[in-house]
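Down below is the structure, laid out as structure tokens.
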Amino acid sequence: MFFHIVLERNMQLHPRHFGRDLRDKLVSKLMKDVEGTCSGRHGFIVAITGIESVGKGLIRDGTGFVTFPVKYQCVVFRPFKGEIVEAVVTMVNKMGFFAEAGPVQIFVSNHLIPDDMEFQSGDVPNYTTSDGSVKIQKESEVRLKIIGTRVDATEIFCIGTIKDDFLGVISDPGANP
Amino acid sequence: MSVVADSPPHSSSSDDFATLLEAELDAISDASADPEEVAEGEDGGGDGDEDDCELNFKSVKRRKVELSDDIIETPSSSSQGELAKTSGLSLEKIMCPHPGVYAGMCMRCGQKMDDESGVAFGYIHKNLRLANDEIARVRDKDLKKLLGQRKLYLVLDLDHTLLNSARLLDITVEEGYLHGQGDALPDSLKRSLYRLNWMQMMTKLRPFVHTFLKEASKMFEMYIYTMGERPYALEMAKLLDPGDIYFNSKVIAQGDCTKRHQKGLDVVLGQESAVLILDDTEAVWGKHKENLILMERYHFFSASCKQFGFNCKSLSELRSDESETDGALASVLKSLQRIHSLFFDPMPILSGAQG
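So the protein lines, in turn, are chains A and B.
Last residue of the first sequence? That's 177 in the UniProt record's numbering, and every number before it is there in order.
Last residue of the second sequence? That's 355 in the UniProt record's numbering, and every number before it is there in order.
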């Protein structure tokens with residue numbers, strides 16, 4: 001789920017950046033440091049939408065670096081257990097398939113794929129129903145439910161299922177429009 | 001089903017059976033609502049109508065799974081026993097066999113699991129572990145499917161079996177012509193000699209290897225198993241299999257071995273009795289020598305010859321190569337084809353001799 005929240009961060013700036021463009025340099029450093037990172041509590045920081053305030057700079061003892069507390073607004077993405085997300089399949093093998101919903105990797109094991117779908121190996125490994133009507137392969141879009149999340153230092157891993165009602169393939173890659 | 005069947009408390013039975021029932025009911029859960037709900041579902045469905053009962057049971061289970069999702073996150077519950085005591089939990093969660101762990105979570109119920117049992121399958125995905133029961137189940141299921149397709153398993157080594165690699169530093173002066181680009185290289189090398197600048201290595205694929213892989217893939221499901229490191233293994237797999245058809249999720253490297261300096265079939269998701277191994281080194285396959293077909297080593301670069309103590313000129317220095325049609329890969333392919341046909345079309349035993 002996406003959230004638009006205000007976060008705070010202490011940014012350190014080297015004295016060579018002091019000057020007319022100090023604030024711009026601070027903002028660009030913030031964006032470089034923070035966009036694309038992941039924190040356990042908030043999830044992935046997708047984009048910074050604005051700077052709320054920049055506090056007074058404090059010179060650190062012993063070095064010339066100055067620390068500014070910056071409050072900024074940003075869009076974050078965090079998956080939750082029980083959430084329904086749409087994801088794109090990236091890898092299919094006999095243990096299940098991996099899908100990506102933005103920066104989050106979700107693993108759907110073969111235990112949580114409906115029993116009538118069998119794994120077919122070959123040029124394009126896929127899961128297909130016995131009558132061939134539904135196929136899950138690389139680049140398919142699927143709707144799945146997240147049943148567990150685990151946060152690492154830099155990544156979030158999830159386990160998902162498509163064994164419930166209304167879950168499964170949304171669209172096939174290369175299907176006729 | 002047995003738990004549910006035990007639930008009607010007013011069935012007339014002996015004292016022993018009654019105490020057994022009570023012990024069972026106490027042990028499983030304190031959620032007295034669950035067996036009653038299910039019992040109602042069963043009665044409502046009609047006695048003879050098993051399908052309805054099962055449907056009711058399933059829909060009840062589904063509701064309970066959704067209800068209990070919120071409760072699972074409690075960090076204190078780390079074992080199945082503790083889970084059972086938390087109220088409102090469904091039977092499904094309690095009986096989950098935890099077939100495998102992905103990134104610290106059970107693949108089937110999502111519960112956090114930190115134990116290190118089972119085998120790690122880092123080559124499928126770096127955070128994946130599977131329990132021994134699950135591995136056995138997958139192996140059985142996979143074997144049936146493959147036998148239906150008339151295929152067996154083939155594990156291939158990389159170095160000196162399918163290709164020969166050498167570091168750029170070790171290329172001798174006489175091999176200097178190999179550095180040539182475009183037309184400077186003879187035709188035969190253009191498609192089989194590769195330079196990997198980011199690894200500072202040169203690789204020469206063994207003659208006949210593409211045909212070998214194509215023919216073998218019709219008879220076998222193939223794995224790559226090398227003692228090299230993962231980035232090297234994946235790069236070689238890309239050279240041998242640019243379409244990622246043969247070795248998708250089947251490249252096993254040094255880091256996946258469960259025992260140091262030893263290769264084992266425990267990380268291969270195939271029944272051991274149906275696996276053939278092609279390798280130039282016997283010593284690493286301690287426990288599986290019977291599955292091994294020993295291959296003649298492929299020495300193209302002089303560094304490789306020297307490594308094994310041969311003081312003669314290497315194939316690259318002689319500007320020649322192993323024969324395509326007569327080489328080791330071609331003859332091994334013939335052997336594999338014979339083995340395959342012996343397995344799937346065994347010769348009928350001539351019983352005319354008796355009587």
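Virtual Cβ for every residue (Gly too), placed ideally from N, Cα, C.
Quiz item: Which value, in whole angstroms, describes the spacing of the CA atoms of K112 (chain B) and M95 (chain A)?
Solution: 19 Å
Quiz item: Quick one: which chain B residues come within Cβ less than 7 Å of P125 (chain A)?
Solution: N248
Exercise. Starting from T149 (chain A), trace the beta strand (DSSP E) both ways and give me its first and last residue.
Key: 141-151
Quiz item: Going by the CB atoms, is the gap between I106 (chain A) and I146 (chain A) shorter than 8 Å?
Solution: yes
Exercise. Tell whether a beta-carbon distance below 8 Å holds between V70 (chain A) and K138 (chain A).
Key: no
Practice problem: Rounded to whole angstroms, what's the CA-CA distance from A237 (chain B) to I224 (chain B)? Just pull it up for me. | Solution: 8 Å
Quiz item: At a Cβ threshold of 8 Å, is G104 (chain B) touching chain A?
Solution: yes
Self-check item: is_contact[P99 (chain B), chain A] using C-beta, thresh 8 Å
Solution: yes
Self-check item: Residues near E36 (chain B) in its chain [Cβ-Cβ closer than 6 Å; skip 5 each side]
Solution: Legend: pLDDT at E36 (chain B) = 40, less than 50; position of this residue unreliable, value from coordinates given subsequently. Excluding residues within five positions, none has a Cβ falling inside 6 Å.
Exercise. Specify whether the stretch 97-113 of chain A and the stretch 14-31 of chain A touch according to this definition: at least 3 beta carbon pairs, one from each stretch, less than 8 Å apart.
Key: no
Self-check item: Residue nearest to R9 (chain A) in terms of C-alpha spacing, selected from A:D21, A:D24, A:D33
Solution: A:D33
Self-check item: Listed by chain order, chain B residues near R150 (chain A) by CB distance under 8 Å
Solution: A103, G104, M105, K112
Exercise. Can you give me, in chain order, the residues of the stretch 86-99 of chain A that have a beta carbon less than 8 Å from any beta carbon in chain B?
Key: M91, N93, K94, M95, G96, F98
Practice problem: Under 8 Å by Cβ, that's how I've got F68 (chain A) and G55 (chain A) pegged, so tell me the actual separation to the nearest angstrom. | Solution: 6 Å
Quiz item: R60 (chain A) to N127 (chain B), Cα distance in whole Å?
Solution: 41 Å
Quiz item: What does V332 (chain B) reach in chain A if we use C-beta pairs closer than 7 Å?
Solution: Residues of chain A passing the Cβ test: none, with the nearest at roughly 23 Å.
Quiz item: D345 (chain B) to R150 (chain B), Cα distance in whole Å?
Solution: 10 Å
Exercise. Report the rounded CA-to-CA distance for A136 (chain B) versus L193 (chain B), giving the unit in angstroms.
Key: 40 Å
Quiz item: Can a CB atom of chain B be found closer than 8 Å to the CB of K135 (chain A)?
Solution: no
Practice problem: On the DSSP bridge assignment, give the partners of P69 (chain A) in chain order. | Solution: A:N10
Practice problem: Taking C-beta pairs closer than 8 Å, name the residues in chain B that S109 (chain A) reaches, listed in chain order. | Solution: P99, G100, Y102, M107, R108
Exercise. Measure from the C-beta of residue 183 (chain A) to each C-beta in chain B and report whether the shortest distance is under 8 Å.
Key: Residue 183 (chain A) falls outside the range modelled here, since chain A spans only 1 to 177, and no answer is possible.
Exercise. Would you grab the beta carbon distance between G255 (chain B) and G122 (chain B) for me? Rounded to a whole angstrom, and I think it's under 8 Å.
Key: 6 Å
Quiz item: What span of residues does the beta strand (DSSP E) with N164 (chain B) cover, start to end?
Solution: 163-167
Exercise. Please say whether R108 (chain B) and L112 (chain A) have beta carbons closer to each other than 8 Å?
Key: yes
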